[in-house]
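**Student:**
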Amino acid sequence: MTSISRRSDQALIVVEALLANPRASIRKLSTQLNLEYNFVWRLVKNLLSRKHIVPTIALSANILGREAAFIKIKGNNLEKIAHFSLYCNHVVTYIEGNSSKEAIVVIAAENKQKIAKFIEVLRSLVSDISEIIIEYGVIPGETLLLVKNTCSKCEYFTICGNNTLSLLTRNNKRNNKS
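Just so you know, we're using the numbering used here here: the sequence shown kicks off at 2 and counts up by one.
1) Where does K73 sit, in a helix, a strand or coil, going by DSSP?
2) What beta strand (DSSP E) runs, 3 residues minimum, are completely inside the region 118-151?
3) Less than 7 Å between the C-beta atoms of V122 and A109, yes or no?
4) Work out the CA separation of Y137 and I74 for me, nearest whole Å.
5) By the three-class DSSP mapping on this structure, what secondary structure does T57 have?
6) Going by other Cβ atoms of all chains shown within 10 Å of its Cβ, with 16 needed for buried, is H84 buried or exposed?
7) Taking the beta carbon of S86 as the centre, do at least 16 other beta carbons fall within 10 Å, making it buried, or is it exposed?
8) Which parts of the region 10-55 are runs of the beta strand (DSSP E), unbroken and 3 residues or longer, counting only runs that do not cross its ends?
9) In whole angstroms, give me the CA-to-CA distance for S6 and F40.
10) Taking Cβ positions, are I82 and L126 nearer each other than 7 Å?
11) How is the alpha helix (DSSP H) around E80 delimited, first residue to last?
12) Rounded to whole angstroms, what's the CA-CA distance from G66 to G76? Just pull it up for me.
13) Comparing alpha-carbon positions, which option in L79, N90, V148 and Q33 lies nearest S100?
14) Just grab the DSSP bridge partners of E103 for me.
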């Protein structure tokens, strides 16, 4: 086995251990995996600096919203939609196809009215949209959705008004009353 493939295997083992326990310390990982502390520390540091792994927060779909829309967009210059999708907490995934002339955006929100606001935002980003196809559905409640920002830093917050932090505050107040 070459040293490169051995390091790849060790990196995979460390990532698997982090998946099992994301809060594990470097010391715990090195002991558990029988690897040198400095090796694990350097490996995790390199994975983080290259953004191969990223510490993140995820919210249950029960908090963020289980209503979903599968939106297929055809048009030109869809780069702004891609940028929006990278930072919007309500965008579950974004896929680009057909030489960047088609995009699929999956959005989760509390209700269809809020999804309609997102669609307004998407339409306002690109003037050259030739077709939008929307299918509605429901995301399973136990699904975890990544939190990408605090919404206060979102360029489109004033348009969409879907503040993730206010959802957390509202759900926390409900839970404290019970």
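Where a beta carbon is used, it is the ideal one built from N, C-alpha and C, also for glycine.
**Tutor:** With the given structure in hand:
1) Reading the sequence shown from its first residue, position 72 is the one you call residue 73. Reduced to three states, the DSSP call for K73 is strand.
2) 130-139 and 145-148
3) As a position in the sequence shown, residue 122 is number 121, starting the count at 1. As a position in the sequence shown, residue 109 is number 108, starting the count at 1. No, the pair does not count as a contact, with Cβ atoms beyond the cut-off.
4) Locating residue 74 in the sequence shown gives position 73, where the first residue counts as 1. Locating residue 137 in the sequence shown gives position 136, where the first residue counts as 1. The straight-line gap from Cα to Cα measures roughly 15 Å.
5) Here residue 57 refers to the residue found at position 56 when the sequence shown is read from its first residue. It is coil, neither helix nor strand.
6) Locating residue 84 in the sequence shown gives position 83, where the first residue counts as 1. Per the 10 Å Cβ criterion, exposed.
7) Counting from one through the sequence shown, the residue named residue 86 turns up at place 85. It is buried - the Cβ of S86 has at least 16 other Cβ atoms within 10 Å.
8) none
9) Stepping through the sequence shown from its first residue, residue 6 is reached at position 5. Stepping through the sequence shown from its first residue, residue 40 is reached at position 39. Looking at the two C-alpha atoms, the distance is approximately 15 Å.
10) Here residue 82 is taken as the residue at index 81 of the sequence shown, counted from 1. Here residue 126 is taken as the residue at index 125 of the sequence shown, counted from 1. Closer than 7 Å, so yes.
11) Here residue 80 refers to the residue found at position 79 when the sequence shown is read from its first residue. E80 to Y88 is the span of the alpha helix (DSSP H), which, as asked, contains E80.
12) As a position in the sequence shown, residue 66 is number 65, starting the count at 1. As a position in the sequence shown, residue 76 is number 75, starting the count at 1. Distance between the alpha carbons of G66 and G76: 28 Å.
13) Counting from 1 along the sequence shown, the entry for residue 100 is found at position 99. When only C-alpha atoms are compared, the closest one is L79.
14) Locating residue 103 in the sequence shown gives position 102, counting from the first residue. E103 pairs with K75 and G98.
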